[in-house]
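Data block below; observations after.
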Amino acid sequence: MDKKRIILPLFAAMLCTCAAAQSFDHLALGVGTGLDGTSFELAAPMGKHVQLRIGYGTAFGLGYTFEGNNSLVSVPQHPADENSPYVNVPTKLSFARNDARVLFNIYPGKRATFHFTFGAYLGAGSFFKGVIKDLPADYDTIGLEMGGYTVKSINNEIRAELRAFGLGSQGFAILPYAGLGFGRPAREDKRVTFSFDLGAAYQGLPSLWARSVKADGTRAYVDVSKNDIVDISEVRDEYGKYLNFWPVINFHLYFRLF
Numbered sequence: 026m027d028k029k030r031i032i033l034p035l036f037a038a039m040l041c042t043c044a045a046a047q048s049f050d051h052l053a054l055g056v057g058t059g060l061d062g063t064s065f066e067l068a069a070p071m072g073k074h075v076q077l078r079i080g081y082g083t084a085f086g087l088g089y090t091f092e093g094n095n096s097l098v099s100v101p102q103h104p105a106d107e108n109s110p111y112v113n114v115p116t117k118l119s120f121a122r123n124d125a126r127v128l129f130n131i132y133p134g135k136r137a138t139f140h141f142t143f144g145a146y147l148g149a150g151s152f153f154k155g156v157i158k159d160l161p162a163d164y165d166t167i168g169l170e171m172g173g174y175t176v177k178s179i180n181n182e183i184r185a186e187l188r189a190f191g192l193g194s195q196g197f198a199i200l201p202y203a204g205l206g207f208g209r210p211a212r213e214d215k216r217v218t219f220s221f222d223l224g225a226a227y228q229g230l231p232s233l234w235a236r237s238v239k240a241d242g243t244r245a246y247v248d249v250s251k252n253d254i255v256d257i258s259e260v261r262d263e264y265g266k267y268l269n270f271w272p273v274i275n276f277h278l279y280f281r282l283f
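Residue numbers (the working numbering): 26 to 283.
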């Protein structure tokens, strides 16, 4: 029997065994903050050159309400009356990113702290929300018909979201991520480590979704940027291209569990 047929598989098995012994032998818990929200992660080594990071991040609720003289929106008090006076209404704008992430740090050297990172953000796709509040009562009785739904004020509020799904589909976003950084989340020689990342997630052209209601009272968000509304379509085409990529800058502090 050819010795190579014995030696080569044996050598490969030895390498795999050594790699497996070095993988997931440590686990670190991390907390961080950045342009992708506040996040919690678990990190573990997969050999000397790769570390796996799995986590959850949210920026939900971080926003500001513009009201009074600082209000961004003013509307006719009676929209059916062309002579009706305009009134300022409060407007709340907030970040809404809420996602899981699976990331791989790849290190060029066994002891290097510099790394390249590849992976994906997974979630619902919503990343920015707006609410126009305290609208006059007339706005609860008029609206825009779209596919069996009526986009209108509900309980004196109009709600809308910017959504982007990357390589995913409506309802589930897959945002590929690529970046670089410094730090090893899980290190056997340190209990506490620090990590910095800089990169971008591809989310594609965003669309505007607004809350609507059916005649039977069923509520849902509908994509109003695909319904021949000229003003919205023009704004989306002109400015939406600048949001194809979501910038990511974040800092994490990791604590080795074992």
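Backbone N, C-alpha and C fix where the C-beta goes; we use that ideal spot for every residue, glycine too. The structure displayed is predicted, hence computed values, not measured ones.
If I measure Cβ to Cβ from residue i and keep anything under 6 Å in the same chain, skipping five residues before and after, which residues do I get?
i: G155; result: L118 and A185
i: N130; result: Q76, H140 and T142
i: G62; result: G82, T83, A84 and R122
i: H74; result: Y132
i: Y246; result: W234 and R236
Since residue i and residue j are thought to touch, with beta carbons under 8 Å apart, how far apart are those beta carbons, to the nearest angstrom?
i: I179; j: V238; result: 6 Å
i: G204; j: F219; result: No, G204 and F219 are not in contact; Cβ-Cβ is about 16 Å, not under 8 Å.
i: S250; j: R261; result: 5 Å
i: A145; j: P201; result: 5 Å
i: G80; j: F276; result: At roughly 14 Å, the Cβ-Cβ gap does not stay under 8 Å, so G80 and F276 are not in contact.
i: A105; j: D163; result: 7 Å
Report yes if the CB atom of residue i is closer than 9 Å to the CB atom of residue j, and no otherwise.
i: A84; j: F120; result: yes
i: Q102; j: P110; result: yes
i: R212; j: A53; result: yes
i: T166; j: K158; result: no
i: G168; j: F197; result: no
i: L187; j: F152; result: yes
i: G72; j: S64; result: no
Which partner residues does residue i have in the DSSP bridge list?
i: R244; result: V238
i: A162; result: Answer by DSSP bridge pairing: none, since A162 is not bridged.
i: I167; result: None, per the DSSP bridge assignment.
i: R209; result: Partner(s): none; R209 has no beta bridge.
i: V249; result: Beta-bridge pairing links V249 to no other residue.
i: E259; result: Per DSSP, none; premise fails for E259.
i: L230; result: Paired residue(s): none; L230 is not in a bridge.
Tell me which same chain residues have a C-beta within less than 7 Å of the C-beta of residue i, skipping the five on either side of it?
i: G229; result: A189, F190, G191 and N269
i: F283; result: H51 and L52
i: F221; result: G206, F207, G208 and F276
Drop a sphere of 10 angstroms on the beta-carbon of residue i, count the other beta-carbons inside from all chains shown, and report buried for 16 or more, exposed for fewer.
i: D124; result: buried
i: E66; result: buried
i: V217; result: exposed
i: P272; result: exposed
i: Y23; result: Residue numbering for the chain in the displayed model covers 26 to 283; residue 23 lies beyond these limits and cannot be assessed.
i: Y267; result: exposed
i: F280; result: exposed
i: R136; result: exposed
i: Y89; result: exposed
Is it the case that the CB of residue i approaches a heavy atom of the ligand GTP more closely than 8 Å?
i: L230; result: The ligand GTP is absent from the structure shown, which contains no ligand whatsoever.
Please report whether the beta-carbon of residue i lies at a distance below 9 Å from any beta-carbon of chain C.
i: N130; result: This model lacks chain C altogether; it includes just one protein chain.
Can you name, in chain order, every residue of its own chain whose Cβ lies under 8 Å from the Cβ of residue i, other than the five neighbours on each side?
i: L160; result: V100, V114, S178, N181, E182 and I183
i: R244; result: I179, R236, S237 and V238
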